[in-house]
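Basically this note's numbering = 1-based index in the sequence shown + 14. Everything below concerns the one structure shown next.
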Amino acid sequence: MTLTKKQREVVETETGHIVVLAGPGSGKTHTITEKIAYLFDRAVIPEPYGLLAVTFTDAAAREMRSRLRAKGFRQWDRVWVGTFHSFGRRLLSCYGSEIGIREDFEIIEPDDRTTLLGRIIPVYPSGWTPWDLGEQLDELKRRGIYPGLGDDRVDENLRFTYQEYQRLLSESNMLDFGDLIALAVRLLQESDLARRLYTGFFRYVIVDEFQDTDPQQLEMIRILAETAIGSTIVADDDQSIYRFRGARRANVYAIERMLGAKRITLGRNFRSDQVIVEAAMAVIGHEANRAPKEVVAVSQARGHLFRCEFPDPEEEAQQVVSWIVKVLEVSSISF
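Below is the structure:
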């Protein structure tokens, strides 16, 4: 797959910070992979320093590593590819003692967390379920709020409950999923050693799906990227699927301002016919506070778009399954 003009601009920008607005089907994974290979081929990152590539899912990290291997990439000792949470765990496992975290900690399992929260709730009667309480604590951690650290405006009952929860986790040498980000950020903020080592080694930072970051993830990337040779922040600001857990599309524009980044838009869609692209743009194009962008399908076919209405979600689901079954039957016959 060759690079378009805009993709090549992303790949060949060697220094400084860029924010890449890239929608579905724009070839962003291909572009990121080519960028990593290019930076090392051109020796932009001097030895023995490295590059950090952060994704949102393990599957995306595996895909990126697989594509690099397919290109014959060999400098794995200088590249770290993984998720925000796995990177946070790495930081805390190495230097967590700098902020009072035992470095042999374990991550509490979801069922065990529910049990633990259920034990705490009767002590501070509130009418919460373990799920309700867990959601509230997760939101506080996404904002970097901990007992004794920015919690002065937290409801008193919730504050005491939070304190007890963290105490019990600490007694068991446990962290929960939210701690991996919030405490890693705290480590980078408070430990000169950890910040110097990690910002010193990772001289280039690449992040995918930045529209799904929460406030603590934004802060993590700001700390790691602002002193680097450069960074590439990739986002589809029209698609933020984790808003229910604190993701903020505005973080895309915030990191652009913080880093003084140049904006590049990948406006060619390799996946859909033009009629699909036009329909999508008609739906999202009127949304306020979005960056304007032109998207054009590479396919020369116009394609077809059908509108179907259903009385309820269950009937809609049944019809979609029926269509899929028919497509699979036709495909099996053709083979």
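Just so it is clear, CB atoms sit at the ideal spot from N, CA and C, and this is done for glycine as well. Being a predicted model, the structure only gives us computed values, none of them experimental.
Opposing strand residues paired with residue i [DSSP bridges]
i	result
ARG160	Sequence inspection shows Tyr at residue 160; the Arg mentioned does not correspond to that position. In DSSP, TYR160 forms a bridge with LEU163.
LYS276	ILE32
PHE216	GLY64
THR69	THR97
THR246	ILE32, ILE220
VAL310	ARG282
MET188	GLU120
Contacts around residue i, its chain only, beta-carbon distance under 7 Å, and the 5 residues preceding and following it disregarded
i	result
ALA75	THR69, VAL95, GLY96, THR97
TYR138	ASN171, PHE174, THR175
PHE216	GLY64, LEU65, LEU66, LEU238, ALA242
GLY274	HIS31
LEU350	Outside the shown range of the chain (15 to 349) lies residue 350, about which nothing can therefore be said.
PHE54	GLN89
ALA305	LEU35, ASP251
GLU330	PHE324
GLN177	PRO161
ARG79	VAL95
Range of the contiguous beta strand (DSSP E) that encloses residue i
i	result
ILE32	30–36
LEU232	Run containing LEU232: none in the beta strand (DSSP E); it sits in the alpha helix (DSSP H), 229–239.
Proximity of residue i and residue j at Cβ, strictly below 7 Å
i	j	result
ALA249	GLN288	no
MET188	GLU120	yes
LEU105	ILE115	no
ASP228	ARG156	yes
ILE247	VAL93	no
THR18	ARG285	no
GLY158	ALA198	no
LEU232	ASN265	yes
GLN21	THR45	yes
THR29	GLY162	no
LEU194	HIS99	yes
LEU130	GLY148	no
LEU35	THR279	yes
ARG210	LEU202	no
ILE135	TRP145	no
Element boundaries [alpha helix (DSSP H), containing residue i]
i	result
LEU202	191–204
GLY132	124–134
VAL24	19–26
ILE46	42–55
Where residue i falls, given that 16 or more other Cβ within 10 Å makes a residue buried
i	result
VAL25	buried
GLN230	buried
GLY37	buried
SER40	buried
ILE338	exposed
GLY86	exposed
VAL335	exposed
LYS276	exposed
GLU223	buried
LEU342	exposed
LYS42	buried
LYS340	exposed
GLU308	exposed
Close Cβ partners of residue i (< 6 Å) along its chain, the five nearest in sequence each way excluded
i	result
PHE349	Legend: pLDDT at PHE349 = 47, less than 50; position of this residue unreliable, value from coordinates given subsequently. Same-chain partners within the cutoff: there are none.
Beta-carbon proximity list for residue i, same chain, < 8 Å, skipping 5 on both sides
i	result
GLN333	CYS322, PHE324
SER205	TYR109, GLU112, ILE113
GLY214	TYR63
beta-carbon residue i near the ligand FAD non-hydrogen atom, thresh 6 Å
i	result
ASP226	With respect to the ligand FAD, the structure shown offers nothing to examine, as it has no ligands at all.
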